[in-house]
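> The structure follows.
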Amino acid sequence: MPLRSDLEPDRIDATGLDRRAVAFGAAALLVRPAERAGVAQEPGFTAELITITSRGKPIRAVVFRPVANARGSGIVYLHGSGSIGPNQLRFAQSFARQGYVAVVPTYLDAAADDSIRAAPIMNAWRDCGIDAVEWLISQGIEPRRTASIGYSLGSFIATDGALGGGRAGAAIAIAGGWDVYVPRPPARRIPVLMVRAERDTHVRPPGTERWRQFLTERGVSVRMRVIRGAGHIMNQRQWDEVSRHALEFLNDGIGHLDAPTTTGGTL
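The numbering used here puts the sequence shown at residues 7 to 273.
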């Protein structure tokens, strides 16, 4: 079933810009000049532009690493269809400040968005998310201490991908639901957090609830949280609330400091 193309306000097509360039450019603009040539340090984390590989294709990404109190855990964050703006990037950085390695890949490098989003494109995007998790594992993080997180279109790619294959230990879906795409029966049973916006008119609350029921009926543990007063496009305060819910969920699971950790690789 093709994805609805009107889910997120998007002026990119109207201006003729390449979504992949916009997605990566938005991240790069928030990276200091010295960092673009290597690694730079921000309060609580370092940031670096990297390239990972998915299906033999180079995927541009930003990685944020904690400078202290590393948990030996990592997350992959997949942006929405309208690229990634400052609020979403700060959301990804919030995990690094709390001890997680956070990777933000430009999954549109895996397949261009034609707005129809048939199965081959969705599969390429899901594989990109899975391969980003594999990159975390290659850095010395145990699979069970990784999570796949996404917003809107990215929520489906991250969560359906993690439940369908790969090795992520948990998944978080932000502003996602049946409106985005028809999910596949889960092949894995990992904990899932769903965060929905109370006044979302793009991915409607009944669609999120339908997705939750679909998964719970098939043995997946799903926790639900609601951002009161929020629409699909959230402000910084609302993203901060999403971050609190996400960190609470992860800190009790993949990021629990009492669990055995590893700081191998480049952590």
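A virtual CB, placed ideally from N, CA and C, is assigned to each residue, including glycine.
So, is the C-beta of Thr214 closer than 9 Å to a C-beta in chain C?
The structure shown contains no chain C; it is built from a single protein chain.
> Do Gly183 and Tyr113 come within 9 Å of each other at the CB atom, strictly closer than that value?
Against a cut-off of 9 Å, the Cβ pair of Gly183 and Tyr113 comes out as no contact.
> Excluding the 5 residues flanking Ile127 on each side, which residues of the same chain have their C-beta closer than 6 Å to its C-beta?
For Ile127, where only same-chain residues beyond five positions count, the Cβ hits under 6 Å are Ala117.
> Given this structure, state the Cα-to-Cα distance separating Pro39 from Glu54, to the nearest angstrom.
Bear in mind that the predicted position of Pro39 carries a pLDDT of just 45, short of 50, making it too unreliable to give a figure here.
> To the nearest angstrom, how far is it from the Cα of Arg17 to the Cα of Leu263?
Any answer about Arg17 is weak, because its pLDDT of 30 lies below 50 and its placement is not dependable; what the coordinates show is given next. The straight-line gap from Cα to Cα measures roughly 42 Å.
> If you reduce the DSSP assignment to three classes, tell me which class Tyr113 lands in.
DSSP places Tyr113 in helix when its eight states are reduced to three.
> Which partner residues does Thr152 have in the DSSP bridge list?
Partner(s): Gly80.
> With a 10 Å radius around its C-beta and 16 neighbouring C-beta atoms as the bar for buried, classify Leu256 as buried or exposed.
Per the 10 Å Cβ criterion, buried.
> Quick one: is Arg61 buried, meaning 16 or more other Cβ sit within 10 Å of its Cβ, or exposed?
Counting Cβ neighbours within 10 Å, Arg61 comes out exposed, since fewer than 16 surround it.
> Taking C-alpha atoms, which residue in Ala124, Tyr157, Lys63, Asp258 lies nearest to Leu95?
Taking only the C-alpha atoms, the option nearest Leu95 is Tyr157.
> Using a Cβ-Cβ cutoff of less than 7 Å, which residues in the same chain neighbour Pro211 once the five nearest sequence positions on both sides are dropped?
Taken in chain order, the residues that qualify are Arg202.
> So Phe224 is in the beta strand (DSSP E); what residue range does that whole segment cover?
Correcting the residue identity first, residue 224 is Arg in this sequence and not Phe. Element bounds for Arg224: n/a, residue is neither H nor E.
> Within 10 Å of its beta-carbon, does Ile147 have 16 or more other beta-carbons around it, so buried, or fewer, so exposed?
Its Cβ being crowded by 16 or more others within 10 Å, Ile147 is buried.
> Run through DSSP, which three-state label would Ile143 get?
Correct three-state label for Ile143: helix.
> How would you label Pro191, buried or exposed, when you count the other beta carbons within 10 angstroms and need 16 or more for buried?
So Pro191 counts as exposed.
> Can you round the beta-carbon distance between Gly171 and Ala193 to whole angstroms, since I take them to be within the 8 Å contact cut?
About 6 Å separates the two Cβ atoms, so the contact holds.
> I'd like to know whether the C-beta atoms of Val73 and Phe101 end up nearer to each other than 9 Å.
No. Outside cutoff.
> My guess is that Val109 and Ala174 are in contact by the Cβ rule of under 8 Å, so how many angstroms apart are they, rounded?
Not quite, the Cβ-Cβ distance comes to about 12 Å (not below 8 Å), so this is no contact.
> Tell me whether Gly86 sits in a helix, a strand or coil according to DSSP, three-state version.
In the structure shown, Gly86 sits in a strand (DSSP, three-state: E or B).
> When you compare the CB positions of Ile178 and Val209, do they come within less than 9 Å of one another, or not?
No. Outside cutoff.
> For Val232 versus Phe97, is the C-beta distance shorter than 9 Å?
The answer is no: Cβ separation not under 9 Å.
> With a threshold of 16 other CB atoms inside 10 Å of the CB of Asp166, please say whether the residue is buried or exposed.
Buried, since its Cβ has 16 or more Cβ neighbours within 10 Å.
> If distances are taken between C-alpha atoms only, which option among Arg229, Ala236, Val228 comes closest to Asp206?
Asp206 has its Cα closest to that of Ala236, out of Arg229, Ala236, Val228.
> Let's see if you can read the secondary structure: which residues bound the alpha helix (DSSP H) around Arg250?
Note, Arg250: alpha helix (DSSP H), 242–257.
> Evaluate Ala125 with the Cβ neighbour count: other Cβ atoms within 10 Å of its Cβ, from every protein chain shown; 16 or more gives buried, anything less gives exposed.
It counts as exposed.
> Would you kindly work out how many angstroms separate the C-alpha atoms of Arg77 and Arg234, rounded to a whole number?
Straight-line Cα distance between these residues: approximately 30 Å.
> On a CA-only basis, which of Ala176, Ala181, Glu204, Glu223 is nearest Asp258? Give me that one, please.
That would be Ala176, whose Cα lies nearest to the Cα of Asp258.
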